[in-house]
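The structure appears right after this line, and notes come after that.
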Amino acid sequence: MGIFGKRGRNREERAAEIADKVASGKGFYGRATRAFLGQEDFARVQQSIGAYKSGHNVQQLLAAGAPTVPAVVVSLTDTGQLVNFDPVVDLVLQPSGTTAPVTLRTILSKLNIPRPGDQVVLIADPARPGAYLYAGDGVNP
0 MGIFGKRGRN REERAAEIAD KVASGKGFYG RATRAFLGQE DFARVQQSIG AYKSGHNVQQ
60 LLAAGAPTVP AVVVSLTDTG QLVNFDPVVD LVLQPSGTTA PVTLRTILSK LNIPRPGDQV
120 VLIADPARPG AYLYAGDGVN P
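Once you know that position 128 of the sequence shown is 127 in numbering that gives the first Met the number 0, the rest is easy, because the numbers rise by one and skip nothing.
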């Protein structure tokens, strides 16, 4: 134990811990955020943090060698939200081998935004059976 708290935790771990508390509305940061923002804005913050966390989960699943599913972009709608200056969008995708389209809310890089008709990659969401996570175009990490 150091003078100012626990040693060994890096800034990313501490930031992830604070983001979890903000999203759940617990702890000092979560309660303060919920108190200063209205219910609607607090829900937007929760959605943005959820989108960020799903992107982090995708990177871990790809590194672990999780199977991917190719899909075609049907449509793309901007939500008006930004996370680290990258847009949060609603994607409508058609996975190969299925007839029903899938709608996902995810963060996209401004440098690599897919267009309708483009081929992308999805990963099955281990937390929600039958749901998918957006994994990009399969070429760029």
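Positions of the beta carbon are idealized from the N, C-alpha and C atoms, including for glycine.
Beta-ladder partner(s) of residue i, from DSSP
i       : result
Ser-74  : Val-91
Asp-85  : Val-82
Ala-123 : Tyr-131
Limits of the beta strand (DSSP E) - the one that residue i falls within
i       : result
Ile-106 : 101-106
Leu-36  : Premise fails: Leu-36 is in no beta strand (DSSP E) and is neither H nor E.
Leu-132 : 131-133
Secondary structure of residue i, DSSP reduced to three states
i       : result
Asp-117 : coil
Met-0   : Note that Met-0 scores a pLDDT of 49, beneath 50, so its modelled location is shaky and nothing firm can be said.
Asp-19  : helix
Ala-65  : coil
Leu-60  : helix
Phe-25  : The amino acid at residue 25 is misidentified as Phe; the sequence shows Lys. In the structure shown, Lys-25 sits in coil (DSSP, three-state: anything other than H, G, I, E or B).
Gly-49  : helix
Anticipated Cβ contact below 8 Å, residue i with residue j, distance rounded
i       : j       : result
Ala-14  : Gly-49  : No, Ala-14 and Gly-49 are not in contact; Cβ-Cβ is about 16 Å, not under 8 Å.
Thr-76  : Asp-89  : 4 Å
Ile-122 : Thr-67  : 6 Å
Pro-143 : Val-91  : It is not possible to answer for residue 143, since the shown part of the chain is limited to 0 through 140.
Val-71  : Ile-106 : Rounded, the Cβ-Cβ distance is 20 Å, inconsistent with contact.
Asp-124 : Ala-130 : 4 Å
Leu-110 : Tyr-133 : Contact doesn't hold; Cβ gap of about 16 Å is too wide.
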